[in-house]
Every structure is written in structure tokens, then in C-alpha cells.
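**Q** Residue 1441 is where the sequence shown starts when you use this note's numbering, and the numbers rise one by one after that. Glycine included, every Cβ here is placed at the ideal spot set by N, Cα and C.
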Amino acid sequence: MTDAPRPRTGGQILVDQLARHGVGDIFCVPGESYLAVLDALHDAQIRLTVCRQEGGAAMMAEAHGKLTGKPGICFVTRGPGATNASPGLHIAKQDSTPMILFVGQIERAAREREAFQELDYRAVFGTIAKWVTEIDSADRLPELIARAFHVATAGRPGPVVIALPEDMLVETATVPDAPAFRPVETHPALAQMVALQNLLGQAEKPFAILGGSRWSAEAVRRFSRFADLFSLPVACSFRRQGHFSADHRCYAGDLGLGVNPKLLARIKEADLLLVVGGRLSEIPSQGYTLLDIPGPRQTLVHVHPDPEELGRVYSPTLAINASPTAFAAAIETVQPPRALPWAAGTEALHAEYLAWSDPTRITTPGNLQMGGVMAHLREALPADAILCNGAGNFATWVHRFWPFRAHDGQLAPTSGSMGYGVPAAIGAKRLLPDRTVVVVSGDGDFLMNGQEFATAVQYGLPVIVILVDNGMYGTIRMHQEREYPGRVSGTALKNPDFAAYATAFGGYGERVERTEDFPAALARALGSGLPAILHCPIDPEAITPTTTIQALRDRKRA
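1. Is the CB-CB distance between Ile1568 and Gln1557 below 8 Å?
2. Below 8 Å on the Cβ atoms is my contact criterion, and I expect Leu1821 with Val1878 to pass it. Report the Cβ-Cβ distance as a whole number of Å.
3. Are the beta-carbon atoms of Gly1947 and Gly1882 separated by less than 8 Å?
4. Go ahead and label Thr1442 buried or exposed: buried means 16 or more other beta carbons lie within 10 angstroms of its beta carbon, across all protein chains shown.
5. Taking the CB atoms as reference points, tell me whether Leu1907 and His1975 lie closer together than 8 Å.
6. Does DSSP put Gly1969 in a helix, a strand or coil?
7. If you count every other CB in all the chains shown that lies within 10 Å of the CB of Gln1485, and 16 or more means buried, which is it?
8. Just how far apart, CA to CA, sit Gln1738 and Leu1713?
9. In chain order, what residues of the same chain have a beta carbon less than 6 Å from the beta carbon of His1461, not counting five sequence neighbours either side?
10. Quick one: what's got a C-beta closer than 6 Å to Gln1632's C-beta in the same chain, skipping five residues either side?
11. Bridge partners for Pro1538 per DSSP, in chain order?
12. By DSSP, does Ala1686 sit in helix, in strand, or in coil?
13. Is the CB-CB distance between Arg1922 and Asp1687 below 8 Å?
14. Check whether the Cβ atoms of Ala1659 and Ala1675 sit closer than 8 Å, and answer yes or no.
15. Just how far apart, CA to CA, sit Ala1982 and Leu1636?
16. Considering only the beta carbon of each residue, do Ile1904 and Leu1966 sit closer than 8 Å?
17. How is Ser1677 classed by DSSP in three states: helix, strand or coil?
18. Of all the beta strand (DSSP E) runs that stay within the bounds of the stretch 1746-1827, which reach a length of 3 or more residues?
19. So, are the CB atoms of Pro1745 and Ser1763 less than 8 Å apart?
20. At the level of alpha carbons, what is the spacing between Thr1394 and Tyr1474?
21. Which ranges does the beta strand (DSSP E) cover as unbroken runs of at least 3 residues, wholly within the stretch 1509-1559, from first to last along the chain?
22. Okay, do the stretch 1507-1526 and the stretch 1591-1600 touch, 3+ Cβ pairs below 8 Å being the bar?
23. Give me the residue from Gly1544, Pro1863, Gly1595 with the minimum Cα distance to Cys1828.
24. Report the residue ranges of all beta strand (DSSP E) runs contained in full by the stretch 1933-1986; include only those spanning at least 3 residues, in chain order.
25. Just mark His1919 as buried or exposed, buried being the case when its beta carbon has 16 or more other beta carbons within 10 Å.
26. According to DSSP, is His1744 part of a helix, a strand, or is it coil?
27. Going by alpha carbons, who is nearest to Arg1870 out of Gly1751, Val1516, Glu1606, Arg1487?
28. Would you kindly check if the distance between the Cβ of Tyr1754 and the Cβ of Leu1740 is under 8 Å?
29. Pairing CB atoms from the stretch 1491-1509 with CB atoms from the stretch 1810-1824, are three or more of them under 8 Å?
30. With burial defined as no fewer than 16 other Cβ atoms inside 10 Å of the residue's Cβ, what is the status of Ser1664: buried or exposed?
31. Report yes if the CB atom of Glu1950 is closer than 8 Å to the CB atom of Arg1964, and no otherwise.
32. DSSP state of Asp1909, grouped into three classes?
33. Check the DSSP bridge columns for Phe1467 and list the partner residues they point to.
34. So, for Gln1534: in the same chain, excluding its five sequence neighbours on each side, which residues have a beta-carbon less than 6 Å away from its beta-carbon?
35. On the premise that Pro1985 lies in contact with Met1912, defined as a C-beta separation below 8 Å, what is that separation, rounded to the nearest angstrom?
Spelled out as C-alpha cells, the structure:
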């Protein structure tokens, strides 16, 4: 990059813009449609991670965006490369993650002939991405890429898609670089904070729910101090457990799947709900049953960085258009009332959470007890370990029984996308090589993007995969047994030897069949210094931590 404009190819201009905006990592599957970009990256100070499938690359970029709050960057080729990346886009959309997907495109002169791998990206991705564009002229690259960074990070963050015609990338233009982007922050007004203090002063059973994106470590610390000062009970939204430490005396648990019934009862009893950052969408709202729509019976204070989300589903008593980071700074001005009638209830809720999340209380069929596995992980892993998962019943073991303490300690898709855990772990380990990164995955979930284990080996990223194998698509089987007991159709799986799979790629693999064997196996995996898979077969009857397949059948037939 130089301050004085000079002739550059479109590919070089694009890479210079990424460097100007602070991009340090790019995740890609290469394609001939953007060779000019790959050539420009050859001499750039940007690290390139080459992946095995575009869905994995997009999920790595999304995880990078989650961890940094800056757009994760992914490059894929046209047509099938772009459609393969769509699961990562959908995750970024529903998880409010900043991300930019660059897609190769056919030459401009061939458009609208259905040329080889041609797609209309505005039509294909228009309902998933915040913005989709195609750059027709190299001299507009600085302008439109700067806009993409602003769109991806502003308000409710999300994905942007930019199509790059192949011939545009090799044409030459003389154009200055854009200034480095700065995220736009939205701050609460003083009058709103005064109103919040008054509402808290009138409340008898207030409750806080934290969700969404645009949090930081400092914002978490500030809100934790606020909760402590007010003895305010706090729950985290679905797969947002890094927003509040499980060790905090005010922590009441998470609003995901299989929620503690006592937590739900307490929220329903609340007379004031302070919702910060989240949308209270289907999963955390328990199927839109926690709050009446559109007018909640509770006093609702809704804090969100995007004004379009305020009043979209729930009509709040007090709407505050602010990012969680800015709001957490502003609440330091709010003072608690002299009396805190809810304080004893807060202590009781935390005690209930501790009991609910104790894995040693859970016994399931089989020789390998996931409760025992989770109990050992709690002892063996550092408090700031990053735990990653995709989707499936196995994830309940993580959400319920792992005490999340680090604000960036959880990578999990609120969209419920399978196959997320392994790519997310690779994205995390690439960014934070000194952190312990663990994937808890199901057998069906793992093989959605299991090929990315090769990417971990290629770049020497020693992530640990705990692969829970019950020989089925467990979540679907659970619903199947509830509705059609004993009529198994379409949910059984015949799996490979996953330990051999790991060693075939050049990693470490071990099969663990008994609870008492897990601690030593984990130690060997960690000590190997390699990406590792611990293949953990469990009894198929252990369909969830609290029920069995036979119990589901009996309940339906009763």
C-alpha cells in the first residue's frame, strides 16, 4: 500500500484494502475465478488458511468474526463454491456475526447467458446476507469494500457477499485506498439510564438476560460488577454463555434447549426483564412463550444495537438503541435502591444452577458416562478453554455441564447448524494458538465437516475433538421416538473407526470405551501436540442426559 495512487490490478487493490482495514486472516478454498487475488496475497502480510470445503472455510471465518468482533474474511469460487459456503453465511446471519464472503464471478461480458458456474448472487444470497453486491469496475473496489466493512459491523452485525468478476480482477486502475474503517458505536442517552434506574427501583423481581453479539471482555466485566451491585439474577441466551461467568454469584443458567425448569419459573415470575444484546428469538424464548407478543406483561427493557430489532417482536417499556459494549459502560452510572428484596432469590437461583449443572449427579446407560467425561473436563481444562460444538443432543452435555468463564470461551451456532464445531475450532486455534481448544461433536455432526481435520493437521493446530458416537442422528431419533415410537426410519448411521480416521490424516486418535479410561486418554491427546480425536462410543439408549429411547417409547405409548 502507498498513499499516492499508482496503477494496480483489481486483485492487488482488493488485497491492499483488506490490509488497510486490518485483516490478518483469510480462509479460502482456491478457485480459478479469483487467481488474481491469490497472486496478490502471495506478497501480502495476510495469513491464508486453505480449507477442504467452502462450508468449512465460511464457518472458520464466522468463528473468527465471533471472536474478534471484526468481519471474518472468506474467499470461495463461483457457482458451487458459493453455494457450498451458504451454511456459514446463514450462521453469521442468525448469530449476528460480522463476515464478508468474497465470491469469484464469471467475466462481465458473459453474464446472463448462464455461463459456466454463473449465479445471480444478489438473488441467491439476498435473504441471507445484510448486503450483496457485485463490483464491476476495479476503481470502485476501495469504496465498496470499505462499505462492506461498515455494513457487516454496524447495528446488528451480519454477513456481506461481494461478487468479483474474473476480468475485473485483472484490469488496472489508479485509485487511492480507502481510510481504515471504524465501527459505529451506538450509546444510550442519559435520560434512558435515569429511566432504567427508576424502573429497577420500582421492581420486586427483576431479571437480566444477556445475548447477541458486540460484547467484549470489558463489557462482560462491567455488567458483572453491575449485577453484583444490584444482586441481579442473570441468565445467558442460547449459546451465548460467554457473556457472564458461571462462577458469578448472580448467574442463574442459560436459556437454551432443556432448560432448568426452576430458571424458567423465575423468569416467568419476573416483573422486570432487562434484555441486553439479544433478540429473544425462538430457542431462548422457549418457542415464544416466555413473553407475550407483542405486549409483554413484564416491564421490558430491551437494549439492542439495531433500532429495527427494538419493537420488532416485543414492544418494550423502555427501548435503548445501544451496543452491549456501550450500554455496559453506561450502567456504571446506575445506582441500586436501598433495599434489594430479590437478593435472597438470586442466591437461591445460583445454588439451583450449581445443582442443575453438576455432572456427577447424572447417570446414563452404558460403560462410558458423559457425566463423568464432563466432570473430568471441568478438572483438567483451563478456565479459559474454548469449547466448540455444532448441533445435536450431544451439545447438551456442553451447555449444561461446562462452566463457561471466558467471554470468548464458547463457539456454537445459535442457528443450530451441524458441522460447525471442527471448523470453528480451527478458526479459533489459528487466531489464539496459546488457548486450549476443544470440540465436542456427535458422529453425524462431525462428518458434516470432518474433512477439515486435515486442515488442522496441515497447519499444526492441536485441537482436541471429543467425538460422541451413538450410531445415529440423535436429535432426530429423539423426536422420531416421541412421535413414532419404535419406527426407526432414516436416522441410523454406520460409522468409521474415528481414531483410525485421525491417524490417517496425521493426527492422534484413540478409542475410549469406559469412563475410567477417559482421563488418561485426554492426557495423551493433549500431550501429543497433534490434532486429536477421542472416539467415545456411548450406549444408544443414552439419548439425552435425562431420558432414554425406551423411556420415550413408553411415554408415548402410555
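**A** Concretely, from the data shown:
1. The residue labelled residue 1568 in the question sits at position 128 within the sequence shown. The residue labelled residue 1557 in the question sits at position 117 within the sequence shown. No, Cβ-Cβ distance for Ile1568 and Gln1557 is not below 8 Å.
2. Numbered from 1 along the sequence shown, position 381 holds the residue referred to as residue 1821. Numbered from 1 along the sequence shown, position 438 holds the residue referred to as residue 1878. The Cβ separation is near 7 Å, so the contact holds.
3. Locating residue 1947 in the sequence shown gives position 507, where the first residue counts as 1. Locating residue 1882 in the sequence shown gives position 442, where the first residue counts as 1. No, the Cβ-Cβ distance between Gly1947 and Gly1882 is not below 8 Å.
4. For this step, residue 1442 is matched to residue 2 along the sequence shown. Confidence at Thr1442 is low in this model, with a pLDDT of 48, below 50, so its placement is unreliable and the value that follows should be read with caution. Result: exposed.
5. Within the sequence shown, the letter at position 467 stands for residue 1907. Within the sequence shown, the letter at position 535 stands for residue 1975. Against a cut-off of 8 Å, the Cβ pair of His1975 and Leu1907 comes out as a contact.
6. To locate residue 1969, count along the sequence shown from 1; it is residue 529. If DSSP states are grouped into helix, strand and coil, Gly1969 belongs with coil.
7. Translated into positions along the sequence shown, residue 1485 becomes position 45. That one is exposed.
8. Taking the first residue of the sequence shown as 1, we reach residue 1738 at position 298. Taking the first residue of the sequence shown as 1, we reach residue 1713 at position 273. Their backbone Cα atoms lie some 7 Å apart in a straight line.
9. Position 21 of the sequence shown holds residue 1461. The answer, listed in chain order, is Phe1589, Ala1620, Phe1621.
10. Within the sequence shown, the letter at position 192 stands for residue 1632. Ile1760, listed in sequence order.
11. Taking the first residue of the sequence shown as position 1, residue 1538 is located at position 98. DSSP lists no partner for Pro1538.
12. Position 246 of the sequence shown holds residue 1686. In this structure, Ala1686 counts as coil in the three-state DSSP scheme.
13. Position 482 of the sequence shown, counting from 1, holds the residue named residue 1922. Position 247 of the sequence shown, counting from 1, holds the residue named residue 1687. Taking 8 Å as the Cβ cut-off, Arg1922 and Asp1687 do not qualify as a contacting pair.
14. Mapped onto the sequence shown, residue 1659 falls at position 219. Mapped onto the sequence shown, residue 1675 falls at position 235. Not closer than 8 Å, so no.
15. Taking the sequence shown and counting its residues from 1, one reaches residue 1982 at position 542. Taking the sequence shown and counting its residues from 1, one reaches residue 1636 at position 196. For Ala1982 and Leu1636, the distance between alpha carbons rounds to 46 Å.
16. Locating residue 1904 in the sequence shown gives position 464, where the first residue counts as 1. Locating residue 1966 in the sequence shown gives position 526, where the first residue counts as 1. Yes, they are a contact pair.
17. Within the sequence shown, residue 1677 is the residue found at index 237, counting from 1. Note: Ser1677 maps to strand in three-state DSSP.
18. 1758-1761
19. Here residue 1745 corresponds to residue number 305 of the sequence shown, with the count starting at 1. Here residue 1763 corresponds to residue number 323 of the sequence shown, with the count starting at 1. Going by C-beta atoms, Pro1745 is nearer than 8 Å to Ser1763.
20. In this structure the chain extends from 1441 to 1998, so residue 1394 is not present and cannot be described.
21. 1512-1516, 1539-1545
22. yes
23. By one-based count along the sequence shown, residue 1828 stands at place 388. Checking every option, the nearest Cα to that of Cys1828 belongs to Pro1863.
24. 1948-1951, 1972-1977
25. Here residue 1919 corresponds to residue number 479 of the sequence shown, with the count starting at 1. It counts as exposed.
26. Along the sequence shown, read from residue 1 onward, the residue named residue 1744 stands at position 304. It is a strand residue.
27. As a first step, residue 1870 is located in the sequence shown; it is residue number 430 there, counting from the start. Considering only alpha carbons, the answer is Arg1487.
28. Within the sequence shown, the letter at position 300 stands for residue 1740. Within the sequence shown, the letter at position 314 stands for residue 1754. In this structure, Tyr1754 lies closer than 8 Å to Leu1740 by Cβ.
29. no
30. Looking up residue 1664 in the sequence shown gives position 224. Classification for Ser1664: buried.
31. Here residue 1950 refers to the residue found at position 510 when the sequence shown is read from its first residue. Here residue 1964 refers to the residue found at position 524 when the sequence shown is read from its first residue. Against a cut-off of 8 Å, the Cβ pair of Arg1964 and Glu1950 comes out as a contact.
32. Numbered from its first residue, the sequence shown carries residue 1909 at position 469. Strand, per DSSP.
33. The residue given as residue 1467 occupies position 27 in the sequence shown. Partner(s): Thr1489, Cys1514.
34. Translated into positions along the sequence shown, residue 1534 becomes position 94. Excluding sequence neighbours, Gln1534 sits near Thr1854, Ser1855.
35. The residue labelled residue 1912 in the question sits at position 472 within the sequence shown. The residue labelled residue 1985 in the question sits at position 545 within the sequence shown. The Cβ separation is near 16 Å, so there is no contact.
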